[in-house]
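Data block below; observations after.
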Amino acid sequence: MTTWEYMTTPLLIHNTAAILNNWGKQGWELVQVVPGPEGGLVGYFKRPSGGDGAANTAGLDAAAQAARQFDGGAA
Numbered sequence: 002m003t004t005w006e007y008m009t010t011p012l013l014i015h016n017t018a019a020i021l022n023n024w025g026k027q028g029w030e031l032v033q034v035v036p037g038p039e040g041g042l043v044g045y046f047k048r049p050s051g052g053d054g055a056a057n058t059a060g061l062d063a064a065a066q067a068a069r070q071f072d073g074g075a076a
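The numbering of the sequence shown is the numbering used here, which starts it at 2 and goes up by one.
Printed below as a string of structure tokens:
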């Protein structure tokens, strides 16, 4: 049976394709987009668990950076 790991991240309107392509290269599949705070969008992603540890760390770092940008903080 496949087990999944999940991740959410803000989707910046002006850079959505690049964000989605980046996550796709890391094995994440976009499963839903919902309205976020202040009119933004939030993407929900999944991928099979047990992936490469380095890729997992890179993905979390990218998510943290996107969240800071979404919240108006410094990158």
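The beta carbon of each residue, even a glycine, is placed where N, CA and C say it ideally should be.
Nothing here was measured: the structure is a model prediction, and the numbers come from that model.
Determine the DSSP secondary structure at residue i, reduced to helix, strand or coil.
i, result
"Leu-31", "strand"
"Leu-21", "helix"
"Gly-51", "coil"
"Ala-75", "Bear in mind that the predicted position of Ala-75 carries a pLDDT of just 47, short of 50, making it unreliable; the figure below should be weighed with that in mind. Coil, per DSSP."
"Gly-40", "helix"
If the criterion is Cβ atoms closer than 9 Å, does the pair residue i and residue j meet it?
i, j, result
"Glu-6", "Pro-49", "yes"
"Leu-42", "Val-34", "yes"
Drop a sphere of 10 angstroms on the beta-carbon of residue i, count the other beta-carbons inside from all chains shown, and report buried for 16 or more, exposed for fewer.
i, result
"Gly-44", "buried"
"Thr-10", "buried"
If residue i sits next to residue j, beta carbons under 8 Å apart, how far is it from one beta carbon to the other, in whole angstroms?
i, j, result
"Phe-46", "Met-2", "Contact flag wrong, Cβ pair sits at about 20 Å."
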